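Protein sequences, first through last, are from chains A and B.
For the first sequence, the positions run 1 to 295 when the numbering used here is used.
For the second sequence, the positions run 1001 to 1342 when the numbering used here is used.
Even for Gly, the Cβ is constructed at its ideal location relative to N, Cα and C.
Since this is a predicted model, take the numbers as computed values, not measurements.
Written below as structure tokens is the structure these notes are about.
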Amino acid sequence: MARTHGIAAGIRRRVLEHVLAEGEGYLSQACSSAEILALLYARILMLGAPEPSRWAETFPGVPGRGGAPAGLGRWVHGAADPRLDRLVFSPAHYALPLYAALIEVGRLPERALRSFNRDGSTLDMIGAEHSPGFEVTTGSLGQGLSQAAGIATARKTRGESGRVWVFLSDGEFQEGQTWEALASASFYNLGNLRVVVDANGQQCDGRISGVLGIEPLGERVRAFGAYAREVDGHDVVALEEALSGPAEGPLVVIARTDPTRGLPALSKRKMLHTVRLASGEDRRPYEIAYQEMLG
Amino acid sequence: MSFEVVSRPHVESFIAWAKDKPEVVVLTADLTNSCEVGLWRDTYPDRFFSLGMAEQNLLSFAGGLAREGYTPFVHTFSVFLYRRAYDQLAMSIAYPNLRVRLVGFLPGLTTPGGATHQAIEDIAIMRATPNMTVLEVGDATDVETVLDVAQSVPGPVYLRMLRGDVPRLFPASDPLEFDRARVLSDGDDVTIFSAGIETEHAMVVARALAESGIGVRHLHISTHKPFGDPQILSSAARARVGVVTVENHTVVGGLGSAVAEVMAEGAAGKRLVRVGIGDTYAHGGSRQYLLAEYGLDASGILRAVESLLGSPTGIVPSDLDRLRMDLGFGAASRPVNAEDSL
């Protein structure tokens, strides 16, 4: 697990480095999801070798009319193979932690991050399916799980052994579509569909519990016919056990996470969806934390 | 000349067509028999997916299947495709340019179900959706031959479909062609463009006008997008008096707007009268009642032509009724039953 911890630390460091350089960004998402993403790419996902020759470093155009093919961002996960896994990355605003994870596991060149959120780049701030790691377009929250259920249905119909993984954010359980998707996944008994939720309790307007509560999430998920397991999302051993355990139908692992993990200075903030580091006073604790991360 | 009425042409033609196409699957949302795919489900149960009354999931799920090489034919009422779940339609299907066929039923005023069931602005919205191809059928031959056309499109297709009793206006041997209008009559005075169920009413008017010595060039449109048939501009430009468009849709953004765009960009320099539902929602009622109320029956079309001509033609409603019977469309009134709304 040392490698997994190292990858998680690298995700936090790379995202903090970017937020310090740019003055703002999706920082808390990296803090909450670092162990989940590290574990997925280091030990859980069965993926093929990346296909860097398919990487469009400059924006190739949207799908249709001679633009990019659908799902171009899948190149980092390798060619489709019936035995291998797919990943539907639903909260597309987690793009920066995702790119950082891909760099940490050697699926994306380090230099790629220099083009993050730059005009004409494919490393969009909110990723779309031309962006590395995005097999589908999910920026409109709540559509990822349904698309994954369609993919899982196709793969189940064909008898493929590879699984369809979904990385979901907890705020997406406010969307009715997420529950529609769960209903269909359990109705069609999609045992090849595995979902991990970064349950960091935060959304754009603040704490989920104060915006529109979604708890008890595990019980709600079970009531929809899916298997639900709740674990500490920073405990990679428990997380791996939950993700790998048997489930005959769709599995939803609710990873309870702390959006300030690894950056205690964040806990002084009420709003965490995007973090702006305006003044020098503001920045200081983050600069210190970054220096400590560099060791 | 008399036209036969074909009962539920989609049922058998879709089953036969899909026989050797294992990639074709059907998705429904609790309107399986209402969209004439109940027998399809019984014939190909392994290729049929019931997703219940959950249209957001339905459309994104279809996108997922399409990414894996299947061609989902999503069957439900049009309003539930483009109104209820538009973001899913746009982001899970249209943006990635996936081969999903959105088969939408109950176009315009064909249902007594009222505003909730009447798709009156669907063509406008689907035309405005990038990557989308928009097809509409107007008779049994269109219904039977549109499937090949839809399946040949490398991206998403919105298909404005008809069910139940559908007249056969065009020879069964004369298939619907992609982005190609059917020329139904020729004449130098007025050009009429019609689509969907309005074509049968426009045919009655064109015949009446011809008998009165007014030459009508009449084109039936089945591809709303793309809209690249050169016959459209040439037919508009050559009309001595002007152009009339007739659509079972609002006059905003549909066929009338598309023709106006072509005429303006092509400097046709002719007057245009658009027949369609005004900028309003409709309500429940029989087809005959609604078409009359909103000016979409033969009388309404005739009034539009007369406004273009600037003088009455002398054609009276009984002339239109007689021609309607002559053409084999039967009595204009049809009974309303629950099947029509469900």
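On a CA-only basis, which of the options is nearest residue i? Give me that one, please.
i, options, result
"S1194 (chain B)", "B:H1220, B:D1122, B:R1180 and B:S1212", "B:H1220"
"D1229 (chain B)", "B:E1121, B:V1259 and B:E1211", "B:V1259"
"R1067 (chain B)", "B:I1232, B:G1328 and B:P1154", "B:P1154"
"A242 (chain A)", "A:G206, A:S209 and A:R194", "A:R194"
"G61 (chain A)", "A:D235, A:L16, A:T122 and A:Y26", "A:T122"
"L141 (chain A)", "A:D205, A:V231, A:D170 and A:R222", "A:D170"
"L277 (chain A)", "A:I11, A:G6, A:A21 and A:R114", "A:A21"
"H1117 (chain B)", "B:D1148, B:L1233, B:V1143 and B:R1083", "B:R1083"
"T1133 (chain B)", "B:V1100, B:A1119, B:R1207 and B:A1140", "B:V1100"
"G1310 (chain B)", "B:D1122, B:L1272, B:T1280 and B:M1126", "B:L1272"
"K1019 (chain B)", "B:P1045, B:L1031 and B:T1032", "B:P1045"
"L212 (chain A)", "A:E175, A:A181 and A:N189", "A:E175"
"S1318 (chain B)", "B:P1022, B:P1312 and B:A1298", "B:A1298"
"R1226 (chain B)", "B:P1312, B:R1127 and B:Q1288", "Note that residue 1226 (chain B) is Pro in the sequence shown here, rather than Arg. Of the candidates B:P1312, B:R1127 and B:Q1288, the one whose C-alpha sits nearest the C-alpha of P1226 (chain B) is B:R1127."
"D1122 (chain B)", "B:L1255, B:T1145 and B:I1015", "B:L1255"
Report the rounded CA-to-CA distance for residue i versus residue j, giving the unit in angstroms.
i, j, result
"L1209 (chain B)", "M1325 (chain B)", "16 angstroms"
"D1321 (chain B)", "V1246 (chain B)", "19 angstroms"
"G1108 (chain B)", "F1073 (chain B)", "21 angstroms"
"L1308 (chain B)", "G1314 (chain B)", "14 angstroms"
"A238 (chain A)", "L1135 (chain B)", "53 angstroms"
"P1096 (chain B)", "S1060 (chain B)", "11 angstroms"
"R229 (chain A)", "V253 (chain A)", "5 angstroms"
"R284 (chain A)", "Q291 (chain A)", "11 angstroms"
"R1240 (chain B)", "A1304 (chain B)", "16 angstroms"
"R1274 (chain B)", "A1124 (chain B)", "14 angstroms"
"T58 (chain A)", "G1278 (chain B)", "46 angstroms"
"E287 (chain A)", "M125 (chain A)", "22 angstroms"
"G1215 (chain B)", "I1192 (chain B)", "11 angstroms"
"A1332 (chain B)", "E1036 (chain B)", "Because the pLDDT at A1332 (chain B) is just 47, under 50, the model does not fix this residue reliably, and the point stays unresolved."
"L40 (chain A)", "L1290 (chain B)", "58 angstroms"
"M271 (chain A)", "D205 (chain A)", "7 angstroms"
"G1213 (chain B)", "S1235 (chain B)", "19 angstroms"
"E1306 (chain B)", "S1222 (chain B)", "26 angstroms"
"T1071 (chain B)", "P250 (chain A)", "24 angstroms"
"R13 (chain A)", "A101 (chain A)", "11 angstroms"
"S1034 (chain B)", "Y1294 (chain B)", "25 angstroms"
"V1251 (chain B)", "H1075 (chain B)", "26 angstroms"
"V1011 (chain B)", "Y26 (chain A)", "52 angstroms"
"L168 (chain A)", "P264 (chain A)", "24 angstroms"
"D1139 (chain B)", "G1063 (chain B)", "29 angstroms"
"H1249 (chain B)", "G120 (chain A)", "40 angstroms"
"F224 (chain A)", "L1031 (chain B)", "23 angstroms"
"L113 (chain A)", "I103 (chain A)", "8 angstroms"
"L1051 (chain B)", "A181 (chain A)", "9 angstroms"
"D282 (chain A)", "A289 (chain A)", "13 angstroms"
Note down, in chain order, each residue of its chain lying with its Cβ closer than 6 angstroms to the Cβ of residue i, except the 5 sequence neighbours on either side.
i, result
"F1048 (chain B)", "V1026 and R1041"
"Q29 (chain A)", "Y94 and P97"
"E219 (chain A)", "none"
"M293 (chain A)", "R13"
"E1004 (chain B)", "R1168"
"I1232 (chain B)", "V1262"
"R1180 (chain B)", "D1229"
"N117 (chain A)", "M125"
Would you check if the distance between the CB atom of residue i and the CB atom of residue j is smaller than 7 angstroms?
i, j, result
"D198 (chain A)", "I44 (chain A)", "no"
"I1301 (chain B)", "V1183 (chain B)", "no"
"R163 (chain A)", "D85 (chain A)", "yes"
"A50 (chain A)", "G78 (chain A)", "This sequence places Pro at residue 50 (chain A); Ala is not what is there. For P50 (chain A) and G78 (chain A), yes; Cβs fall inside 7 angstroms."
"R256 (chain A)", "G233 (chain A)", "yes"
"V1006 (chain B)", "R1168 (chain B)", "yes"
"I7 (chain A)", "A38 (chain A)", "yes"
"E73 (chain A)", "S131 (chain A)", "The sequence shown places Gly at residue 73 (chain A), rather than the Glu named in the question. Yes, the Cβ-Cβ distance between G73 (chain A) and S131 (chain A) is below 7 angstroms."
Starting from the C-beta of residue i, find all residues in its chain whose C-beta is less than 7 angstroms away, skip the five residues before and the five after it, and write them out in chain order.
i, result
"G71 (chain A)", "E129, E135 and V136"
"F1080 (chain B)", "A1029 and E1055"
"D1186 (chain B)", "R1217"
"Q177 (chain A)", "G142, Q143 and S146"
"Q202 (chain A)", "S28, I208, P259, L272 and H273"
"T1129 (chain B)", "A1090 and A1094"
"P1335 (chain B)", "Low per-residue confidence applies at P1335 (chain B): pLDDT is 46, beneath 50, and the placement is therefore not dependable, though the value from the model is reported in the following sentence. Around P1335 (chain B): no qualifying Cβ."
"R155 (chain A)", "G162, V164 and N192"
Using a threshold of 6 angstroms, is the CB atom of residue i nearer than that to any non-hydrogen atom of the ligand FAD?
i, result
"D81 (chain A)", "Inclusion of the ligand FAD in the displayed structure is not the case, the ligand content being empty and no account of it being possible."
Which residues in the same chain as residue i place their Cβ atom closer than 8 angstroms to its Cβ, once the five residues preceding and following it in sequence are excluded?
i, result
"E296 (chain A)", "An answer regarding residue 296 (chain A) cannot be provided, because it is not within the stretch 1 to 295 covered by chain A."
(message) Pairs of beta-carbons, one from the stretch 169–187 of chain A and one from the stretch 138–150 of chain A, closer than 8 angstroms: are there three or more?
(response) Because the criterion of three Cβ pairs below 8 angstroms is met, the stretch 169–187 of chain A and the stretch 138–150 of chain A touch.
(message) Can you confirm whether the stretch 1096–1105 of chain B touches the stretch 1149–1165 of chain B when touching is taken to mean that 3 or more C-beta pairs between the two stretches lie within less than 8 angstroms?
(response) Touching, per the Cβ criterion.
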